[in-house]
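Undergrad: The numbers in the UniProt record's numbering rise by one with no breaks, and the one at position 355 of the sequence shown is 355.
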Amino acid sequence: MLIVHRIPSTVFYSARSPISIIIQDHEKQATNTSSSFIFDPAATTAMDYQLLSDHDPVVDEASLNGGGSQGAQEHPVRGGGHASKSNSFSGTAMHDPSAFRSRQGSMPPAVGAMGNDFEEVTHFDISSSDFGTSGPKASENDQLQKQNKRFRVRMLLIVAAILTLGIIIVIVVPKKARNQEPEDPLESCIIPYEYFDTQLFAVDFSNVTSSECRDDRTIDTLWNHNMYGGVLVQPSTAANFDNSHMLQQLELYNKRLRGVISFNPLTTTPLDVGLTVDELERLEQIGVRGIRWNLRGYSQAQRGAFYAALKTPEFKDLFKFMQARRWHIDVAQSSLHWRQLLPHLEDTGVRIVVDNFGGPASLNDAGLAAVLDAANSNSRMWIRLSGARNLPLSEGEKRELVDRIIDTVPLTSLLWGSAYSDPDNTGFQFDYADRQREFRSWFPRFSHQLMVLKHNANDVYGFMSN
């Protein structure tokens, strides 16, 4: 019976106990443990002894077959020697290794007859120096193992920290915060989207001396409120049809501004105000995209004259150009006359922008219903949500009006304008941030804001075309 195990490098023999031959494991220098073979003399055959002798250079055949110290011979590898003998063995008593050495090395002891009556106990020590394993080398290996252990501990701590951070991001962060829509660009300091205000009244403040009036800084106002650009609309009240200031602004900020010119259709024709084909082409290049007519103060006779003018050759030529360039007619009109006006506008074949919600006097206004029906069926018609403060409605009714419009017409048919610098406002006082808050209350969803302020505005005014 052959068993392999590791114990300290000491060898002892006994007839009444297993014989241990301990050999230092020279091939495994990383440790100071030793290899041993243990066998039971009473159950060991001659072939077993032969195998032991062949594989273990410490024990020779004479030691196994002979008896006593006469069987001890010189070892062919480590030299010869003999072991001292004792008739008794107590505990782990060890003999002096010098007693077993002769010439160059240490000789294993002779092993006597393998019988149960064998009483001698032979003991010798094989030091680690016999096989070249040194103590400092083992100490160095121990230090390397400790360093490796500390490294593994650090790596485990790093992995644990990363996993903990991932759990915090994925699980601990509130679900509402993860699913919320992107930050509203109107409230951020960065302008990631090109938002456009489609009604900025082009009023020239340069000659106004009142301290209540500010300089015309339309572009600065837009930028300070995170709007990329807008549409300058020429005011058509008080017979103000001078478009020169607006055209100057368009030439300065052609990439960010568009314009809507105006003239009096009752007293002049397009040719009278110089709207030849060449002039229309020039206006197109600098950013003009439409013509505005304010019909609020028209009498019934004036309305009849206006409807007749739309059918004249001069106006028809103008409308052909507007169709080809995708211009539009911007109309301000009280709701009372929309049913009569809409067929005449649709006959022109030109795009139509209805200003100021259509100017309803109440939620049950018949003119409002006519505007909503037309916008729902005509893809060339838009409703601009602007000038809500000028409507004769309560705040609750205004909100109900917006909800009705959103539920009735496609979202793609809606525009928004702040009516910045509206000359109808006393002293030209204007709170742009307040108008933005009002707009967000109408369209709380970010996707709806993006549709109205960017996509619809670009579709009508062509901001991306230049």
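C-beta atoms are modelled at their ideal positions from N, C-alpha and C, and glycine is treated no differently.
All values reported here derive from a predicted model rather than from experimental measurement.
Output the boundary residues of the beta strand (DSSP E) element that contains Asn294.
TA: Here the beta strand (DSSP E) through Asn294 covers 288-294.
Undergrad: If you check the beta carbons only, do Ser413 and Ala375 fall under 8 Å apart?
TA: Contact: yes.
Undergrad: Using the C-alpha atoms, what's the distance from Phe443 back to Phe315?
TA: So the two alpha carbons sit approximately 38 Å from each other.
Undergrad: Along the chain, where does the beta strand (DSSP E) that runs through Ile261 open and close?
TA: Unbroken beta strand (DSSP E) run through Ile261: 257-262.
Undergrad: Within the same chain, show all residues whose beta-carbon is closer than 6 Å to that of Gly387, passing over the 5 residues directly before and after it, in chain order.
TA: Here the set comprises Asn356, Ala419.
Undergrad: Can you confirm whether the region 298-309 touches the region 258-266 when touching is taken to mean that 3 or more C-beta pairs between the two stretches lie within less than 8 Å?
TA: Yes: at least three Cβ pairs fall under 8 Å.
Undergrad: Going by C-alpha distance, which of Gly304, Leu271, Ile329 is nearest Asn294?
TA: The shortest Cα separation from Asn294 among Gly304, Leu271, Ile329 belongs to Ile329.
Undergrad: List the whole-angstrom C-beta distance separating Leu247 from Ile291, where the pair is believed to meet the contact cut-off of C-beta under 8 Å.
TA: No, Leu247 and Ile291 are not in contact; Cβ-Cβ is about 14 Å, not under 8 Å.
Undergrad: Taking 6 Å as the limit between beta carbons, can you name the residues of its chain near Phe439, skipping five residues before and five after?
TA: Excluding positions up to five away in sequence, the list reads Trp416.
Undergrad: Over the uninterrupted beta strand (DSSP E) stretch that includes Thr408, give me the two end residues.
TA: Taken as a continuous stretch (DSSP letters only), Thr408 belongs to no beta strand (DSSP E), being part of the alpha helix (DSSP H) at 395-408.
Undergrad: Tell me whether Ala332 is buried or exposed, calling it buried when 16 or more other Cβ atoms sit within 10 Å of its Cβ.
TA: Buried is the call here.
Undergrad: Assign Glu187 to buried or exposed, taking buried as 16 or more other Cβ atoms, counted over all protein chains shown, within 10 Å of its Cβ.
TA: For Glu187, the predicted structure reports a pLDDT of 47, less than 50, and the residue's modelled location is therefore unreliable. A value from the coordinates is still provided. Classification for Glu187: exposed.
Undergrad: Strictly by DSSP, which residues pair up with Leu415?
TA: Partner(s): Arg384.
Undergrad: Mind checking who Ala332 pairs with in its DSSP beta bridge?
TA: Bridge partners of Ala332: Asn294.
Undergrad: Quick one: is Phe201 buried, meaning 16 or more other Cβ sit within 10 Å of its Cβ, or exposed?
TA: With 16 or more other Cβ atoms within 10 Å, it is buried.
Undergrad: Considering Leu232, what are the terminal residues of the beta strand (DSSP E) in which it resides?
TA: Here the beta strand (DSSP E) through Leu232 covers 229-233.
Undergrad: Answer yes or no: do Ile383 and Val350 have a C-beta to C-beta separation smaller than 8 Å?
TA: No, these two residues do not count as a Cβ contact at 8 Å.
Undergrad: Give a yes or no on whether the minimum CB-CB distance between Glu140 and chain D is below 8 Å.
TA: No chain D appears in this structure, which consists of one protein chain only.
Undergrad: Can you tell me which of Gly274, Val260, Leu336, Val288 puts its alpha carbon nearest to the alpha carbon of Gly297?
TA: Closest by alpha carbon: Leu336.
Undergrad: Pro270 to Tyr195, Cα distance in whole Å?
TA: Taking the straight line from one Cα to the other gives about 32 Å.
Undergrad: Spatial neighbours of Gln449 within its chain, please: CB distance less than 6 Å, with the 5 preceding and 5 following residues excluded, ordered by chain position.
TA: Taken in chain order, the residues that qualify are Phe443.
Undergrad: Tell me which residues share the same chain as Ser377 and place their Cβ nearer than 7 Å to its Cβ, disregarding the 5 neighbours each side in the sequence.
TA: Excluding residues within five positions, none has a Cβ falling inside 7 Å.
Undergrad: In whole angstroms, what is the alpha-carbon distance linking Glu140 and Asn148?
TA: So the two alpha carbons sit approximately 12 Å from each other.
Undergrad: What are the start and end residues of the beta strand (DSSP E) that includes Leu391?
TA: Element bounds for Leu391: n/a, residue is neither H nor E.
Undergrad: If you draw a straight line from the alpha carbon of Trp223 to that of Leu391, how long is it in whole angstroms?
TA: Approximately 28 Å between the Cα atoms of the pair.
Undergrad: Using DSSP with H/G/I as helix, E/B as strand and the rest coil, what is Thr198?
TA: If DSSP states are grouped into helix, strand and coil, Thr198 belongs with the strands.
Undergrad: Give the DSSP-derived three-state secondary structure of Tyr253 in the structure shown.
TA: Reduced to three states, the DSSP call for Tyr253 is coil.
Undergrad: State the Cα-Cα distance for the pair Gln436 and Gly359, rounded to the nearest angstrom.
TA: Gln436 and Gly359: Cα-Cα distance of roughly 20 Å.
Undergrad: Any idea what DSSP makes of Val353, helix, strand or coil?
TA: Here Val353 sits in strand by DSSP.
Undergrad: Using a 10 Å radius around the Cβ and a threshold of 16 neighbouring Cβ atoms, would you call Gly217 buried or exposed?
TA: Looking at the sequence itself, residue 217 is Arg, so the reference to Gly does not match. That one is exposed.
Undergrad: How about Ile261 and Asn243: do their beta carbons lie closer than 8 Å?
TA: Contact flag set, yes.
Undergrad: To which residues does DSSP link Tyr420 through a beta bridge?
TA: In DSSP, Tyr420 forms a bridge with Leu200.
Undergrad: In or out: Asn456 buried (at least 16 other Cβ within 10 Å) or exposed?
TA: Buried is the call here.
Undergrad: Look at Val231 and Gly259 and say whether their C-beta atoms are less than 8 Å apart.
TA: Contact: yes.
Undergrad: May I ask you to report which of helix, strand or coil DSSP gives Thr268?
TA: It is coil, neither helix nor strand.
Undergrad: Considering only the alpha carbon of each residue, which of Arg289, Gln143, Met155, Ala161 lies closest to Gly462?
TA: Comparing Cα-Cα distances from Gly462 to each of Arg289, Gln143, Met155, Ala161, the minimum goes to Arg289.
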